[in-house]
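Step one of this worksheet: look at the structure below.
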Amino acid sequence: MSALSSTAALPLIATPSIVAPSPGIPRGLAARFGDLYERWREQRQRDELEIVEDLELTSWDGLNSELFELQALIMSCQPRTVGDLVLQARACALVNNDLWIDAATVEAADAGARAQRRILESVAALAGAELLPGVATIALA
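Numbering-wise (the numbering used here), the sequence shown opens with residue -9 and increments by one.
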């Protein structure tokens, strides 16, 4: 008797999935990121125009604190759609925005940072989406 034929009569045991199915990224979380992204762009535009209303940079402190928290929540979700992947890529890109908008950071980026940037850009491009909509970025050399 072979090993396979000796186990053929055993009943199938239903084993629970190790990872429960996820509905993807909740819409509310995506909406919160969209709102934060718009506020981030507005603050950046004010800075570019040198409209100094916040000498203590408390606006940036608040935005960055909210961004880091939101990115952690977004990344803790299992993506289920291409849109979910794009949202995760955008959240990561925004946390590391200097890799796109700061010339010194772009120039000094090591192989790991360049690879991170390229994969995030590839995810967005594959989806036909802009990674950082409305933001002028600096190309990698």
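Heads up, the beta-carbon is just placed ideally off N, CA and C, and yes, glycines get one too.
Within a 10 Å sphere around the beta-carbon of glutamine 35 sit fewer than 16 other beta-carbons, which makes this residue exposed.
Taking the C-beta atoms as reference points, glutamine 33 is found no nearer than 8 Å to serine 55.
Linking threonine 71 to serine 112 through their CA atoms gives a straight-line distance of about 16 Å. Serine 49 carries a helical assignment under DSSP once its states are collapsed to helix, strand and coil. Three or more Cβ pairs closer than 8 Å define a contact, and the region 111 to 130 meets that threshold against the region 75 to 90.
The residue among Ala101, Ala81, Cys67, Glu97 with its C-alpha nearest the C-alpha of proline 123 is Ala81. No residue range can be given for arginine 70, since it is assigned to no alpha helix (DSSP H) and is classified by DSSP as neither H nor E.
The Cβ-Cβ distance between glutamine 78 and proline 69 falls below 8 Å.
In the same chain as methionine 65, and ignoring 5 residues on each side of it, the C-beta atoms closer than 8 Å to its own belong to Gln78, Ala81, Cys82, in chain order. Aspartate 100 and alanine 94 have their alpha carbons spaced roughly 12 Å apart. Contact annotation: arginine 104 and leucine 84 have beta-carbon atoms that are not nearer than 8 Å. Residue nearest to alanine 115 within the set Gly73, Gly102, Asn86, Ile128 is Gly73 (criterion: CA-CA distance).
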